[in-house]
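Heads up: the sequence shown begins at 38 in the numbering used here, then just goes up one per residue.
Yeah, the Cβ is synthetic: ideal placement off N, Cα and C, and Gly gets one too.
Have a look at the structure below, then the notes.
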Amino acid sequence: MSEEKKHDVVDVPVEKDGNEDFHKLNNLISEIGMGTYQWKMFWLCGLGWIADNMWLQILATILPQVKAEFKVPSSLSGMGTSGVFIGMIFGSLGWGVISDIIGRRPAFILTLTLGAIFGTAAAFATDFTVYCVLLSLMGVGVGGNLPVDGSLFLEFVPKERQSLLMLLSLFWPVGAMIGALFGWWLIPTYSCDPDAAFCDPVLNRGWRYTLVAMGCVTFAMLLFRLLFIQMRESPKWLITAGRKEEAVAVLHDLAKMNGKEIQVTVEDFPDVHRESTSESFKRFAHSLKELFDTPKSTLNTVLIWLVWMTISIAYVMFYGFLPEFIKKSSTDAALSLGETYRNFFIQTICGIPGSIAGTFLVDSRLGRKGTMAGGAIGVGISLFLFTTTGNSWWQLVFNCIASFLSNLVYGVIYAYTPEVFKTGHRGTAVGMASCLGRIVGVAAPFLSGILIGINPNYALYLSAGLFALMGVFAAFLPIETRGRAAL
Numbered sequence: 038m039s040e041e042k043k044h045d046v047v048d049v050p051v052e053k054d055g056n057e058d059f060h061k062l063n064n065l066i067s068e069i070g071m072g073t074y075q076w077k078m079f080w081l082c083g084l085g086w087i088a089d090n091m092w093l094q095i096l097a098t099i100l101p102q103v104k105a106e107f108k109v110p111s112s113l114s115g116m117g118t119s120g121v122f123i124g125m126i127f128g129s130l131g132w133g134v135i136s137d138i139i140g141r142r143p144a145f146i147l148t149l150t151l152g153a154i155f156g157t158a159a160a161f162a163t164d165f166t167v168y169c170v171l172l173s174l175m176g177v178g179v180g181g182n183l184p185v186d187g188s189l190f191l192e193f194v195p196k197e198r199q200s201l202l203m204l205l206s207l208f209w210p211v212g213a214m215i216g217a218l219f220g221w222w223l224i225p226t227y228s229c230d231p232d233a234a235f236c237d238p239v240l241n242r243g244w245r246y247t248l249v250a251m252g253c254v255t256f257a258m259l260l261f262r263l264l265f266i267q268m269r270e271s272p273k274w275l276i277t278a279g280r281k282e283e284a285v286a287v288l289h290d291l292a293k294m295n296g297k298e299i300q301v302t303v304e305d306f307p308d309v310h311r312e313s314t315s316e317s318f319k320r321f322a323h324s325l326k327e328l329f330d331t332p333k334s335t336l337n338t339v340l341i342w343l344v345w346m347t348i349s350i351a352y353v354m355f356y357g358f359l360p361e362f363i364k365k366s367s368t369d370a371a372l373s374l375g376e377t378y379r380n381f382f383i384q385t386i387c388g389i390p391g392s393i394a395g396t397f398l399v400d401s402r403l404g405r406k407g408t409m410a411g412g413a414i415g416v417g418i419s420l421f422l423f424t425t426t427g428n429s430w431w432q433l434v435f436n437c438i439a440s441f442l443s444n445l446v447y448g449v450i451y452a453y454t455p456e457v458f459k460t461g462h463r464g465t466a467v468g469m470a471s472c473l474g475r476i477v478g479v480a481a482p483f484l485s486g487i488l489i490g491i492n493p494n495y496a497l498y499l500s501a502g503l504f505a506l507m508g509v510f511a512a513f514l515p516i517e518t519r520g521r522a523a524l
């Protein structure tokens with residue numbers, strides 16, 4: 038590498054808008070560039086995406102067998118998924134706030150730790166109540182993955198590579214695919230007939246084996262985070278915490294790893310008063326207040342909340358019961374258990390190219406807002422078409438289209454939300470949005486369970502309408518983050 042190129046500084050315009058310190062940091066991070074450390078963080082943060090969707094999808098996969106063993110009626114069968122969402126309510130907001138108070142690094146490790154421990158423990162549940170409680174505790178851990186991981190990754194990458202946050206959504210369908218693959222492998226082989234009058238628990242261990250397998254996968258992810266990288270704290274967070282000496286040391290360390298030299302000292306940043314941990318409630322209240330400090334930010338915050346809430350309930354209503362929809366709505370010869378899980382696995386694969394497509398679309402003329410809106414409306418149309426045919430192959434086609442678009446949409450949401458908020462309250466803002474989505478998501482399994490008992494299409498109609506409504510909310514977001522450096 039030539040000396041001239043080695044010290045080349047990327048020119049990022051500095052706007053005089055009260056955020057000069059973060060523009061200065063963005064200049065430095067752009068100068069440091071995208072190196073080995075940032076790419077390792079990309080892969081390690083992707084594990085959080087995998088864990089989040091893997092556990093959600095596996096609950097849908099094992100649901101028929103859990104119902105059969107514990108003799109749970111359809112109207113209550115969603116309590117396990119609702120329990121996960123209750124845990125995620127506390128996890129998404131709690132870990133987001135914690136990451137703003139004590140830093141991104143501790144939360145980055147602890148979220149997967151809790152998820153692995155309690156997810157594995159659920160495999161040994163002796164009754165349905167214990168099963169739901171353990172899944173709730175698992176949700177506390179897993180619920181923090183996306184708010185924490187997205188914020189952490191965004192704060193290490195240069196502005197020119199922020200679209201990689203969208204590419205992280207590629208790991209979302211991989212999580213679903215892992216869950217569906219283990220379900221397809223273990224459940225048909227080690228399960229009783231879910232429609233039989235009696236289900237012998239000794240012959241119905243497939244769902245337990247599947248949960249143990251998911252717990253082992255999550256533990257492996259945790260080990261990668263502990264051993265694959267020497268974790269640094271976010272320099273942007275360190276500046277907001279008043280720990281500018283540590284921030285400067287991290288910046289120099291990152292530059293050295295990338296073969297660069299940067300000119301930065303502690304005098305380049307002002308002293309910041311940082312409240313003690315005992316004042317954490319005041320800091321949380323201040324962070325919430327900052328979300329509504331102007332009419333534009335108020336509108337943006339409210340619409341983001343509505344986007345998260347509508348897609349959360351719509352997604353869970355459909356995908357949380359997908360194996361049952363596939364089995365009950367087909368007018369072909371009854372699908373076997375293996376064929377049902379085979380189709381479930383195929384549709385999860387279709388989500389992967391959706392994440393890749395979204396990575397390019399967010400930097401096109403559509404931008405973040407247009408990609409979200411168009412994708413969500415497309416999902417609604419696909420789900421409606423799913424209800425118009427009983428042919429299992431046509432259903433698979435429409436389901437694959439919906440999977441492609443829903444993964445695209447979720448990827449943009451998880452990229453846009455941390456981009457649009459500032460570092461000082463980013464964890465709280467993203468955690469709050471995710472928390473609200475989880476709150477309404479609690480109702481989705483109960484609502485779907487009731488509607489399925491009446492007519493499976495009713496649940497699909499409602500899910501399709503909510504996806505389309507989410508697209509409308511996204512279209513009216515007042516801020517487009519395409520080409521804008523995160524502050």
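Identify, in the order they occur along the chain, each residue of the same chain with its Cβ nearer than 7 Å to the Cβ of residue i, setting aside the five sequence neighbours on each side.
i: Trp274; result: Gly140, Arg141, Glu192, Thr460
i: Asp48; result: Any reading at Asp48 needs caution, since the residue's pLDDT is 39, under 50, leaving its predicted position unreliable; the model's value is listed next. Here the set comprises nothing.
i: Gly395; result: Met203, Ser206, Thr408, Leu445, Gly448, Val449
i: Pro515; result: Lys333, Leu336, Asn337
i: Phe483; result: Gly115, Ser119
i: Pro238; result: Glu106
i: Phe329; result: Thr335, Thr338
Can you name, in chain order, every residue of its own chain whose Cβ lies under 8 Å from the Cβ of residue i, other than the five neighbours on each side?
i: Thr314; result: In this predicted model, Thr314 has a pLDDT of only 48, less than 50, meaning its place in the structure is not dependable; the value taken from the coordinates is given anyway. Ile138, Ile139, listed in sequence order.
i: Val170; result: Gly120
i: Leu263; result: Ile146
i: Tyr74; result: Phe193, Ile266, Arg269, Leu291, Met294, Asn295
Can you tell which of the options has its C-alpha closest to the C-alpha of residue i?
i: Leu240; options: Leu248, Cys229, Ala250, Gly427; result: Cys229
i: Thr247; options: Leu343, Gln102, Thr396; result: Gln102
i: Ser349; options: Phe256, Ile450, Gly72; result: Ile450
i: Gly181; options: Leu514, Leu499, Cys472; result: Cys472
i: Val121; options: Trp222, Ala481, His289, Thr338; result: Ala481
i: Leu506; options: Val457, Gly417, Leu488, Glu456; result: Gly417
i: Lys77; options: Leu201, Trp132, Ser114, Ala284; result: Leu201
i: Gly83; options: Ser392, Leu442, Gly474; result: Ser392
i: Ser67; options: Leu174, Gly128, Glu456, Gln199; result: Gln199
i: Trp209; options: Thr385, Arg262, Phe381; result: Thr385
i: Ala496; options: Thr424, Tyr168, Val194, Met346; result: Thr424
i: Gly268; options: Asn64, Phe145, Gly176; result: According to the sequence shown, residue 268 is Met rather than Gly. Nearest of Asn64, Phe145, Gly176 to Met268, Cα basis: Phe145.
i: Leu343; options: Gly474, Thr465, Ser429, Tyr378; result: Gly474
i: Gly468; options: Leu189, Gly427, Pro272, Thr166; result: Leu189
i: Thr454; options: Asp164, Val185, Asp89; result: Val185
i: Ser443; options: Cys387, Gly464, Ser401, Ala278; result: Cys387
i: Met346; options: Ala470, Asn494, His60; result: Ala470
i: Ile341; options: Phe382, Ala466, Thr331, Phe441; result: Ala466
i: Arg280; options: Leu291, Glu298, Asp305; result: Asp305
i: Phe165; options: Asn63, Val109, Arg262; result: Val109
i: Val211; options: Ile383, Trp430, Leu288, Ala439; result: Ile383
i: Ala286; options: Leu65, Arg521, Val254; result: Leu65
i: Ala250; options: Leu223, Asp330, Leu499; result: Leu223
i: Ser173; options: Val479, Ala213, Asn494, Pro143; result: Val479
Using the Cβ count rule (16 or more neighbours within 10 Å means buried), how would you classify residue i?
i: Ala501; result: buried
i: Gly178; result: buried
i: Ala452; result: buried
i: Ile389; result: buried
i: Gln300; result: exposed
i: Ile491; result: exposed
i: Glu270; result: buried
i: Asn436; result: buried
i: Val477; result: buried
i: Lys609; result: With the chain covering 38 to 524 only, the question about residue 609 has no answer from this structure.
i: Val303; result: exposed
i: Glu456; result: buried
i: Phe265; result: exposed
i: Asn428; result: exposed
i: Ala88; result: buried
i: Arg402; result: exposed
i: Val339; result: exposed
i: Gly85; result: buried
So, for residue i: in the same chain, excluding its five sequence neighbours on each side, which residues have a beta-carbon less than 6 Å away from its beta-carbon?
i: Gly404; result: Glu517, Arg519
i: Trp244; result: Ile99, Gln102, Val103
i: Ala236; result: Reading off the sequence, residue 236 comes out as Cys, not Ala. Cβ neighbours of Cys236 beyond the five flanking positions: Ala105, Glu106, Cys229.
i: Gly252; result: Ala153, Gly156, Thr157
i: Gly187; result: Tyr451, Pro455
*asked:* For the structure I just gave you, are there three or more beta carbon pairs, one from the stretch 90-97 and one from the stretch 347-357, closer than 8 Å?
replied: yes
*Hey, is the stretch 403-416 in contact with the stretch 505-520, meaning 3+ C-beta pairs nearer than 8 Å?*
yes
*Could you say if the stretch 157-166 and the stretch 211-225 meet the contact criterion of at least three C-beta pairs nearer than 8 Å?*
no
_Across the stretch 149-158 and the stretch 258-276, are there enough close Cβ pairs to call them in contact, namely three or more that are closer than 8 Å?_
yes
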